[in-house]
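Q:
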Amino acid sequence: MAAWIKAMDVAELPAPGMRRVELEGVAVLLVNAGDDRIRAFGADCPHAGAPLEKGALCEGRIVCPWHKGAFSIDSGAWLEPPPLEGLTSYPVRVDTDAIFVELEPQRTVRAPTTHAGPASRFAVIGGGAAGAAALATLLESDLACEVTLFAAEPQAPYDRTCLSKFVPAGEMPPDEVPPVLPESVMHDPRLRIDHTEVRHFDVQTKKVTLADGYETAFDAVLLATGSVAKRPDIPGADLGNIYTLRNLKDAGAILDALAPNDHAAILGDSFIALETASALRKRGVEVTLVAPGGPPLQRVLGERVGAMFRDWHEANGVVFRHAKALRFKGAQAVEAVELDDGSSLPAKAVIVGIGVRPATEFVSGLDIGEDGGLDVDATMRVGSGEIYAAGDIARFPLGGAMPSAQRTRIEHWRVAQQHGRIAALNMMGRNVRYEGVPFFWTQHYDKRVEYLGHAGQWDDLVISGRAGDERFGVLYVGAGRVLAVLACGFEREMAILSERMRETLSADAVRGILGF
1 MAAWIKAMDV AELPAPGMRR VELEGVAVLL VNAGDDRIRA FGADCPHAGA
51 PLEKGALCEG RIVCPWHKGA FSIDSGAWLE PPPLEGLTSY PVRVDTDAIF
101 VELEPQRTVR APTTHAGPAS RFAVIGGGAA GAAALATLLE SDLACEVTLF
151 AAEPQAPYDR TCLSKFVPAG EMPPDEVPPV LPESVMHDPR LRIDHTEVRH
201 FDVQTKKVTL ADGYETAFDA VLLATGSVAK RPDIPGADLG NIYTLRNLKD
251 AGAILDALAP NDHAAILGDS FIALETASAL RKRGVEVTLV APGGPPLQRV
301 LGERVGAMFR DWHEANGVVF RHAKALRFKG AQAVEAVELD DGSSLPAKAV
351 IVGIGVRPAT EFVSGLDIGE DGGLDVDATM RVGSGEIYAA GDIARFPLGG
401 AMPSAQRTRI EHWRVAQQHG RIAALNMMGR NVRYEGVPFF WTQHYDKRVE
451 YLGHAGQWDD LVISGRAGDE RFGVLYVGAG RVLAVLACGF EREMAILSER
501 MRETLSADAV RGILGF
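In terms of this note's numbering, the sequence shown opens at residue 1 and continues consecutively.
(1) Just verifying my parser: in three-state terms, what is the DSSP assignment at PRO157?
(2) What does PHE150 pair with, by DSSP beta-bridge criteria?
(3) From VAL285 to LYS324, what distance separates their C-alpha atoms?
(4) Measure the C-alpha to C-alpha separation of VAL524 and ARG492 and round it to an integer number of angstroms.
(5) Please state the DSSP three-state secondary structure of GLN298.
(6) Please classify ALA116: is it buried, with 16 or more other beta-carbons within 10 angstroms of its beta-carbon, or exposed?
(7) Can you look up SER343 in the DSSP assignment and give me helix, strand or coil?
(8) Quick check: the region 445 to 452 against the region 286 to 295, are there 3 or more CB pairs under 8 Å?
(9) Distance, Cα to Cα, LEU505 vs VAL363?
(10) For HIS263, which residues does DSSP report across the bridge?
(11) Just how far apart, CA to CA, sit GLN418 and ASP371?
(12) Short check: CB of GLY302 to CB of LEU497, under 8 Å?
(13) Mark ASN247 as exposed unless 16 or more other C-beta atoms lie within 10 angstroms of its C-beta, in which case mark it buried.
(14) With distances taken from CA atoms, which of VAL485, ALA424, ARG466, TYR434 is nearest TRP458?
(15) Under 8 Å, do ALA7 and LEU23 count as touching if we go by C-beta distance?
(16) When you compare each of GLY236, ASP269, ALA273 to ILE254 by their alpha carbons, which one comes out closest?
(17) With three or more beta-carbon pairs closer than 8 Å as the criterion, would you say the region 232 to 242 touches the region 138 to 145?
(18) Pick helix, strand or coil for ASP219, following the three-state DSSP scheme.
(19) May I ask which residues mark the beginning and end of the alpha helix (DSSP H) holding ILE254?
(20) Sort ALA224, SER343, PHE328 by Cα distance to ASP392 and report the nearest one.
(21) Let me know the secondary structure DSSP gives GLY512 once reduced to three states.
(22) Quick one: give me the first and last residue of the beta strand (DSSP E) that GLY17 is part of.
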C-alpha cells in the first residue's frame with residue numbers, strides 16, 4: 001500500500017477552490033467544494049491535458065478550461081464531453097491542519113444501468129464524435145450487452161478537430177492525431193468495431209446491410225454518420241489536388257501537396273476554411289480565400305464580427321476575394337481557378353469548404369428533411385422506437401435557457417458528443433433529455449476562440465476588444481437575455497458560463513462574470 005504524503009496545509013486550499021500539487025512526480029488536483037470534504041484527482045483533463053486548476057468549480061462540477069468537459073466533484077466521473085473517461089481518484093485524509101494523499105488510485109466502479117427491457121444488441125453507425133461518445137457511455141455501465149460500431153474509415157474514432165487546426169500547419173503528423181476512445185473502452189470485450197460501410201439501414205426491422213451484402217439486426221440503433229462535404233459542380237472538378245477536409249486522408253494529402261510559398265485557394269468562408277487558412281499561413285503557404293458576399297462567418301457571427309475576423313486574417317497575410325469559382329484549370333492537377341470577376345487565380349491546391357450535407361441517404365423508413373437531417377426529440381430518439389440520431393444529422397430541440405419551437409441542426413464536434421452521450425443513456429433505459437449549452441472552439445494563429453450558446457437572431461451585440469487581441473469577447477443579446485458568447489482569453493469565465501448558461505442570464509450578469 002502506498003504511503004500517505006502531505007500535500008499542503010488546509011489553510012492553503014480555499015473553500016470552494018482547487019489547487020495543483022506535485023507529489024512524487026504525480027500531478028494531483030486538490031478540490032475543496034466547500035462541503036467540509038476534500039477530494040484528490042488527477043490534475044489534467046484526460047481529453048487534451050488541460051490543467052484543471054485553471055478551470056472552474058460550478059454547479060457540483062469540475063469544468064475543464066479548454067474545451068469545457070465536466071467531471072463530478074464527488075467522484076471525478078465524466079459528465080460532459082469531450083473527455084470520455086473520468087479522472088483518477090486518490091484517497092485523502094485530513095489530520096488536524098494538513099491534507100494527506102495516498103497515491104494509490106481508487107478503483108473505478110462501473111456506472112449502474114437502469115435498463116429493464118430486452119435490448120442487449122446495440123449498433124452505432126458512424127465512427128465520429130457522436131459515435132465515440134455513445135460507445136464510451138454504453139461501456140462505462142455494467143450492462144450485459146454487445147455493442148457494434150460501424151466505422152467506414154480504417155482508423156478507430158479520432159480527434160477530427162485536429163485536422164484543420166494542427167495537421168495543415170505541420171504541427172501534428174496525420175498518424176499522430178490522437179484517438180478519442182479510452183483504452184478501457186477499446187479493449188472492452190463487449191465492443192466490436194467493424195470498419196465497413198453501411199449501405200442500407202431499414203428502420204422497421206432495425207436491419208443493417210453492409211457493403212458486402214451481409215445483413216444483421218439489432219435491438220437499438222444510433223445513427224451518427226455525420227456529414228458529407230459538398231463539392232463544386234463546375235468544369236475541372238475532377239482534377240487532382242482539389243480537396244475537401246473531412247478525414248485523415250484529406251488532411252495528409254493537403255499537407256503533402258503544399259510547401260512554403262506555394263499558392264493555395266480556399267473556397268468558402270466557413271470555420272473550417274478559416275482554420276485551414278490560419279494553419280497554412282503558419283507554414284508559409286500563400287492563401288487566397290474565395291467566397292461571394294460579405295465578411296466571412298457572417299451567417300453565424302454576424303457581419304460586424306465577421307469583419308473583425310476578416311481583418312485578423314488579412315493582418316496575417318490571407319487574401320480575400322469576393323467572387324465565385326467558375327472552373328478549375330490544369331492538365332492533370334489543378335493549376336488555376338477561374339473566377340466570375342474575369343480573373344484567374346493560380347493555385348497549387350484547392351481546399352473546398354463550402355458546406356456539408358447530412359449523410360442520411362442510406363436510411364429508409366424515416367422522413368428526411370430538405371436539408372438531409374432527421375428530426376429527433378430531446379432524448380435524441382427518432383419516432384417512437386429504439387432508433388436514435390446524433391450529431392450533424394440530428395435536428396433537435398434546444399432546451400434549458402434557450403428553448404426553441406423549431407428544431408435545429410448544429411454541425412459542431414462537441415455538440416455531437418453531447419448528443420451521443422444522451423442517446424446512449426436513453427438506449428440503456430434512462431429518460432435523459434438534451435438540456436446542455438452548445439459549445440465549440442476554433443483555432444486561429446495560436447489563439448483559441450470559444451463560442452457558447454446558440455444565436456440564430458439577436459437584438460444587440462456587446463463587444464469588448466477585437467478579434468486577434470489576447471482577450472476579446474462578444475455577447476449576443478436577444479429579448480433581454482444572453483443567447484451566445486464568443487470569447488478569447490476568458491477560459492475560466494467561459495467554463496463558469498458553460499454551466500450558468502443552462503439558466504437565463506442577462507447581459508449585465510454575463511458581463512459581471514467576464515469582467516467587461
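By construction, the Cβ of each residue, glycine as well, lies at the ideal position given by its N, Cα and C atoms.
A: If we stick to the structure as given:
(1) Sequence index remark: in the sequence shown, residue 157 carries index 157 (1-based). Correct three-state label for PRO157: coil.
(2) For the purposes of this step, residue 150 is taken as the residue at position 150 of the sequence shown. DSSP output for PHE150 lists ILE125, ASP194 as bridge partner(s).
(3) Within the sequence shown, numbered from 1, the residue matching residue 285 stands at position 285. Within the sequence shown, numbered from 1, the residue matching residue 324 stands at position 324. Between VAL285 and LYS324, the C-alpha separation is close to 22 Å.
(4) Since the first and last residues shown for the chain are 1 and 516, residue 524 lies out of range.
(5) Numbered from 1 along the sequence shown, position 298 holds the residue referred to as residue 298. Residue state, collapsed to three classes: helix.
(6) Against the sequence shown, residue 116 aligns to sequence position 116. A caution first: ALA116 carries a pLDDT of 45, below 50, which makes its placement in the model too unreliable to give a value.
(7) Your numbering for residue 343 matches position 343 in the sequence shown. If DSSP states are grouped into helix, strand and coil, SER343 belongs with coil.
(8) In short, these stretches do not touch, since the Cβ pair count stays below three.
(9) The residue given as residue 505 occupies position 505 in the sequence shown. The residue given as residue 363 occupies position 363 in the sequence shown. So the alpha carbons of these two residues sit roughly 40 Å apart.
(10) Translated into the one-based positions of the sequence shown, residue 263 becomes position 263. Checking the DSSP bridge columns, you'll see HIS263 partnered with GLU286.
(11) Here residue 418 refers to the residue found at position 418 of the sequence shown. Here residue 371 refers to the residue found at position 371 of the sequence shown. One Cα belongs to GLN418, the other to ASP371, and the distance between them is close to 22 Å.
(12) Stepping through the sequence shown from its first residue, residue 302 is reached at position 302. Stepping through the sequence shown from its first residue, residue 497 is reached at position 497. Contact annotation: GLY302 and LEU497 have beta-carbon atoms that are not nearer than 8 Å.
(13) To locate residue 247, count along the sequence shown from 1; it is residue 247. Under this definition ASN247 is a buried residue.
(14) By one-based count along the sequence shown, residue 458 stands at place 458. The shortest Cα separation from TRP458 among VAL485, ALA424, ARG466, TYR434 belongs to VAL485.
(15) On the sequence shown, position 7 is the one that residue 7 refers to. On the sequence shown, position 23 is the one that residue 23 refers to. Going by C-beta atoms, ALA7 is nearer than 8 Å to LEU23.
(16) Translated into the one-based positions of the sequence shown, residue 254 becomes position 254. Looking at the Cα atoms, ALA273 is the closest of the given residues.
(17) Counting C-beta pairs with one atom in each stretch, the region 232 to 242 and the region 138 to 145 have fewer than three that are closer than 8 Å, which means they do not touch.
(18) One-based indexing of the sequence shown puts residue 219 at position 219. Coil at ASP219, not helix or strand.
(19) Here residue 254 refers to the residue found at position 254 of the sequence shown. Per DSSP, the continuous alpha helix (DSSP H) segment holding ILE254 begins and ends at 248 to 257.
(20) Walking along the sequence shown from the start, residue 392 turns up at place 392. The candidate whose alpha carbon is nearest that of ASP392 is ALA224.
(21) One-based indexing of the sequence shown puts residue 512 at position 512. Judged by DSSP in its simplified three-state form, GLY512 adopts helix.
(22) The residue you call residue 17 lines up with position 17 of the sequence shown. Here the beta strand (DSSP E) through GLY17 covers 17 to 23.
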